[in-house]
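Chemist: Sharing a structure with you now.
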Amino acid sequence: MGKKDGRSNLVRKKSKKLKADSQPILVAGVDYKMQLPTDHFSVSQLGMMMRCARQYMFRYCEGKVIPPGIAMVEGSSHHKAVQSTNESFIEKGKHLPVKDMEDIFCNDFLVASKDISDWEDDSADKVISRGRKLITSYMQDFGKNFAPIGAELEVKVNMVGVPVLGYVDMLDKTSLWDLKVRGRAPSKAEVREDVQLTFYAYATERDKVGQIVMKKTATPGIEILNSWRDRSADSRWLMRLISEYVQQISAGLFPPCDPTSWVCSPRFCGYYQICRGGRKGK
Ligand code: SF4
Numbered sequence: 001m002g003k004k005d006g007r008s009n010l011v012r013k014k015s016k017k018l019k020a021d022s023q024p025i026l027v028a029g030v031d032y033k034m035q036l037p038t039d040h041f042s043v044s045q046l047g048m049m050m051r052c053a054r055q056y057m058f059r060y061c062e063g064k065v066i067p068p069g070i071a072m073v074e075g076s077s078h079h080k081a082v083q084s085t086n087e088s089f090i091e092k093g094k095h096l097p098v099k100d101m102e103d104i105f106c107n108d109f110l111v112a113s114k115d116i117s118d119w120e121d122d123s124a125d126k127v128i129s130r131g132r133k134l135i136t137s138y139m140q141d142f143g144k145n146f147a148p149i150g151a152e153l154e155v156k157v158n159m160v161g162v163p164v165l166g167y168v169d170m171l172d173k174t175s176l177w178d179l180k181v182r183g184r185a186p187s188k189a190e191v192r193e194d195v196q197l198t199f200y201a202y203a204t205e206r207d208k209v210g211q212i213v214m215k216k217t218a219t220p221g222i223e224i225l226n227s228w229r230d231r232s233a234d235s236r237w238l239m240r241l242i243s244e245y246v247q248q249i250s251a252g253l254f255p256p257c258d259p260t261s262w263v264c265s266p267r268f269c270g271y272y273q274i275c276r277g278g279r280k281g282k
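The sequence shown begins at 1 in the numbering used here and counts up by one.
Given below as structure tokens:
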């Protein structure tokens, strides 16, 4: 069975079961008619709303797209390499050799990084050397023993009347995994609260979830963070978040976040100058 068939079966199965969750959880006193700037909502949109509603307004209501920075391009190239080996396993029963994954990572990164203007403290050589170590570590410590049944699996489900879209990095018969490329590993508490994982657990009907973190530290390596979801309590909490943030969007309320938050800086917010009236730095 091809990947596309697998996806549509999963989505069809889920759509049938969700009828009971199709009503919004209304905020008392709010006259609500859903109005979204896009034809679906997603967990990454929810994440942006939770970090800063003003960012969401710039990105989705006004269509201002900020070109990806070095960290996002590097992460995306690692996702391509890991997706390729998972697809090879699903189609042929065999993972790719590490060398092939390195080639996929390097080729994708060299093409996608052409338009990057600010490399921060990195260079192409540094990213590629680190990338080779991270891929070797990923395959040794996790990938070679992982038997995926889905890779970059699209899931679109109806939660509290809202069509929500997401892509699960990888899943096997019992668990699902999100791949992250970061400067540090998150704490167990952060993984336990991650709304992306809660959504994927709900959409794929899994309790065992986790993050594989490729750490961009002085000695690059991976960390495997196991977690779980209570599909009743955690799903209800996610539904409340989705319902109330969608009501906020529909009401056209996009307040700026706390200016002392880490996200509210020229480094982490591409809208900093437009938002802060031309101000260039903290
Ligand atoms: S500058 Fe701060 S308030 Fe404005 S969009 Fe960025 S994060 Fe939000």
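The C-beta atom is built at its ideal place from N, Cα and C for all residues, glycine as well.
With a threshold of 7 angstroms between beta-carbons, can Lys92 be considered close to chain E, or not?
Modeler: Among the chains in the structure shown there is no chain E, since it carries only a single protein chain.
Chemist: Taking C-beta to C-beta, are Leu165 and Val209 nearer than 7 angstroms?
Modeler: Against a cut-off of 7 angstroms, the Cβ pair of Val209 and Leu165 comes out as no contact.
Chemist: Measuring CA to CA, which of Ser44, Ile135 and Thr85 is closest to Val181?
Modeler: Comparing alpha carbon positions, the residue from Ser44, Ile135 and Thr85 closest to Val181 is Ile135.
Chemist: By alpha-carbon positions, which one of Met49, Ile116 and Asp172 ends up nearest to Glu152?
Modeler: Asp172
Chemist: Smallest Cα separation from Ala112: which of Glu244, Gln83 and Ser77?
Modeler: Ser77
Chemist: Identify whether Glu87 lies in helix, strand or coil by the three-state DSSP scheme.
Modeler: Helix, per DSSP.
Chemist: What are the residues that DSSP puts in a beta bridge with Gly166?
Modeler: Val155
Chemist: If you measure from the CB of Tyr60, is any heavy atom of ligand 1 nearer than 6 angstroms?
Modeler: no
Chemist: Tell me the residue span of the beta strand (DSSP E) that contains Trp228.
Modeler: Gly221 to Trp228
Chemist: When DSSP labels each residue in this structure, what does Arg184 get in the three-state scheme?
Modeler: coil
Chemist: On the criterion of 16 or more Cβ atoms from any shown chain inside 10 Å, does Met50 qualify as buried, or is it exposed?
Modeler: exposed
Chemist: Please determine whether the Cβ atom of Gln55 lies at a distance below 6 angstroms from any heavy atom of ligand 1.
Modeler: yes
Chemist: Taking only three categories from DSSP, how would you classify Tyr45?
Modeler: Before going further, note that residue 45 is Gln rather than Tyr in the sequence given. Gln45 falls in the helix class under three-state DSSP.
Chemist: Let me check one thing: in DSSP terms, what residues is Trp177 bridge-paired to?
Modeler: Met170 and Gly210
Chemist: Apart from the five residues on each side of it in sequence, which residues of its chain come closer than 6 angstroms, Cβ to Cβ, to Asp234?
Modeler: Contacts found: Thr198.
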